[in-house]
Structures are given as structure tokens and as C-alpha cells.
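Notes follow the structure.
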Amino acid sequence: MNGRPKVELAVGFGGALLAVCAIAATQAWLDRHFLPSFVVDRAGYVRIEAIVRVIAAAAGVSTVLARRRVAALIARDPRQTLSVAAAVVLALGASEIALRRVHVHPAEWLFHEEEPRRQPDARLGWTLVPSRVGHLTIGGRAIEYAIDADGYRAARPDAAVDFARQTVVFAGESVIFGEGLTFAESIPAQLAAMTGLQTANLGVNGYSNDQAFLRLQRELPRFRRPVAVVSLFMPVLFGRNLDDDRPHLGDGLVWQPTTVRLRLASMARLIVPYRSTDAVDRGVTRTRDVLRAVASLARARGATPILIVPHIGPEDAAEAGIRRRVLDDGGPPYLRVDLDPDWHVASDPHPDARAARAIAAAIASRLMMASGRVVCGSNLDCSRR
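Going by our numbering, 73 is the number at position 49 of the sequence shown; the sequence numbering is gapless.
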């Protein structure tokens, strides 16, 4: 009986702490620590956060109000309470052991059979499986993903890039790759049709900016006459740059291997993607350094660097804040492309063919502006403005 007041106090304190945390987690605090999502739109994200806050506050208040009843149950049979606690610990331990027997891909590559098919790569994390054709139904359309022998997206798996020709090289992720689009609808293919220049699509689904840079480092020396290097930054994809469950670049752009964690901890980070202020600050610095390095790599090969920042619909305050911190506060020059809010693949946030065409047209315009240093394709008007 003597221990019951202490148990009651502990239970009440825990409930009060939960309620206070729910109240203190204002939208401004959440925006600092839970970064914008590419998959969930702003309204949906805020709705989820509000629901979680309400549930947490209600649970905290209920615990405070029921503290005496809970304390009485614990004090009545402490051995049963210890048995439950031990069972929970054992269950977590068993779950960790079971998960370690299962090969788990990084967060951006959770499904092995997903198209376009990917394969492990020791330095980059993963690359596309070369010389194959994958099929996917997305937005009600049957899409074919052909990957050539070099691991680039192509019209056909046997359509090889001519490394001796003038080429616009694209580095990036699924937007560059053309998720949900036919090859002809993708940004690189539409730019080729507009300009007559050869394009090479190095986009790999799920890539962060540092992975795209590492792949560009590997592939760009193969191109003898690169005209331009096109890369991409989107605030809703910024969170990928903070992930370390894959090979990544650390401070000073030093390559780092995958950070190994408990599998349960990795799952918790996936479900609750909290980012500390320090992690976000370091991510901003590293992303800015990576984008500068992409531009420097392009210029070293005599190519024009073009960083595109596409955005479908209005930009919210959280996204604008990330863009300003990464790009406006000392980052490289960029080409912002604002797109109609309806220009996305059906039931998918990726840009559709209309958006891809608008992005390609913006790149073509930038190439015209740089025509003093770029030899233009046969279909591009290179007259100076």
C-alpha cells in the first residue's frame, strides 16, 4: 500500500507530460521537425498531425483522470504488471531478431519487385537493372520502362547512347526518370524533340541529391561533348538528403557507408520521420554543397549546369522556407518552373506529360540564353534575345 501513492504520481506525471507535449507541438514546431512530403500533400499532412495531437492530448488527459484506478491495478498485482512488461520486452527482442533475418531495403527502395527494377550498388545504394523492359500500370495507363545496357532510361533496351555526340545529361530521381510517363513524354525525351540534341536520362527512382551527384560523377566522364547537365531540387524531396540508411555523403561531401541501426529503430524512423534541428541544418548545408558540386562538375567538362526547381501548384510556407535556405542563401543559380496544380499523373504526385513539356521548354529556353557557349541542336532557335 505504501508504494501506491508513488505509482499514482508516476502515472499522473506521464499522462500530464503526454498532454503537455501534444499542446506544445504547434504547427510551427511540427513544420521544423517533420519535413514536407512528396507523397502526402500539405493539407493531408497537417490533418494527420492534428489527429495525432488530439489523440495524444486525449490519452494524456484520460491517463491523468484515471491515475488512481491505474495505480490501484498495478499495486494490487505488481507481478502481473512485471509479467506484462517482460512480455513486451521479449516481443520487441523477438521482432528485432526476426527482422534481422529479412533483407530490408533502404526507405526509398522498400519493394524489390517494384518497377523500374533496381539492383544493389555498393557506392550508390542502387541502380536500375540494365538491358530490360518493365511494365507498370499507373494512372490507368500501361507504361513501359525500357532500360539500356548502361542503366539509362531509353526508347528501347538496345538503344545505346552515342557518347561522342553533343548531349544534354540529366541527373536525378523519378521526376527526371519520368515516373508514370512513356519514354517520349519524359522531360529528357521532350527536350530532345524540341532541340534536336541527344539527351541521356540518368534518373533513378528514389535517389537523393547526393546519390544523383555520385552517379553523375561516375557517368559524366563517358560523354565526350556534354552540352549541359540538368539536375533537380524539390523541397518535398529534401528529406531524402538527410537519410543515412544507404551510402551517402557526409560533411565535406565525404562518402559514408550505410549507417547500421536496430531494425525496429529504422521502422520507427520510417513511421515517425522526426528530424532534429541540427539534422535539418546539416542537411541544408550538405544539399547546398552537393548542388554546387554538380555545377562545378558540369563546368569542368565545358557543360552548362541547369538546376531545375519544379513545383506543381502553390508553394506553401514550409516548402518555401527550405527552398530559400538551400538555394537563395548562398546556393547555386536555379530555374524555377511553376506548374498548373492539375498537371500531375492521375492518382500520383509526379508531373504528367504537360508538366514535363513545360519543364523541357524552360530548359530549352535556358539553353538558348547560354547559346554563346553551347552548340545548339538543329530544332532549337539559338538567336540571342
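For glycine and all other residues, C-beta sits at the position ideal for the given N, C-alpha and C.
- Here L226 carries a coil assignment [DSSP, helix/strand/coil].
- In the three-state DSSP reduction, V304 falls in the helix class (H, G or I).
- Residue pairing of E168 in beta bridges, as defined by DSSP: H159.
- DSSP, read as helix, strand or coil, puts A384 in helix.
- In the three-state DSSP reduction, V108 falls in the helix class (H, G or I).
- Annotation for F201: the continuous alpha helix (DSSP H) segment containing it runs 198-201.
- Taking C-alpha positions only, D313 is separated from Q280 by approximately 16 Å.
- Between L261 and F135 a beta carbon distance of about 19 Å is seen, past the 8 Å cut, so the two are scored as non-contacting.
- Assignment of alpha helix (DSSP H) within the stretch 36-99, counting only whole runs of 4 or more residues, yields 51-57, 66-89 in chain order.
- Of A80, S155, R100, the smallest CA-CA separation from A170 is found for S155.
- Contact between the stretch 268-276 and the stretch 141-154 is present, with at least three C-beta pairs closer than 8 Å.
- Rounded to the nearest angstrom, the gap between the Cα atoms of Y69 and G337 is 16 Å.
- Going by C-alpha positions, Q51 is about 17 Å away from V304.
- Remark: C-beta atoms of A131 and L294 approach each other more closely than 9 Å.
- The stretch 161-169 makes contact with the stretch 187-207; the number of CB pairs closer than 8 Å reaches 3 or more.
- I383 and I330 do not touch by the CB rule: their CB atoms are close to 11 Å apart, not below 8 Å.
- In the DSSP annotation of this structure, the continuous segment of the alpha helix (DSSP H) that includes D234 starts and ends at 233-243.
- Taken atom to atom, the span from the alpha-carbon of A178 to that of V76 is near 44 Å.
- Here DSSP, grouped into helix, strand and coil, assigns A252 to strand.
- A distance of 9 Å or more separates the beta carbons of A216 and F247.
- Judged by beta-carbon spacing, A317 lies beyond the 9 Å limit of L359, meaning their Cβ atoms are not closer than that value.
- Counted as a single uninterrupted DSSP element, the alpha helix (DSSP H) harbouring L294 occupies residues 287-295.
- Assignment of F194 by DSSP, reduced to helix, strand and coil, places it in the strand class.
- Around the Cβ of S255, a 10 Å sphere holds 16 or more other Cβ atoms; the residue is buried.
- Rounded to the nearest angstrom, the Cβ distance from V333 to F257 is 5 Å, consistent with a contact under 8 Å.
- Annotated three-state conformation of D362 is strand, per DSSP.
- The beta carbon of R92 sits closer than 8 Å to those of E32, all from its chain and outside the five residues before and after it, given in chain order.
- Exposed is the label assigned to S86, since fewer than 16 other Cβ atoms lie within 10 Å of its Cβ.
- Taking C-beta atoms as the reference points, A96 and R28 count as a pair closer than 9 Å.
- In this structure, the CA atom of G355 is about 14 Å from the CA atom of G345.
- Taking the Cα positions, N233 is about 12 Å away from T309.
- Checking the DSSP bridge columns, you'll see A178 partnered with A170.
- DSSP places R270 in the coil class of the three-state scheme, outside both helix and strand.
- Spatial neighbours of R349 in its own chain (CB-CB distance under 7 Å, excluding positions within 5 residues in sequence) are listed in chain order as V308.
- The three-state secondary structure of R349, taken from DSSP, is helix.
- In terms of CA proximity to I79, L42 leads the group F58, R66, L42.
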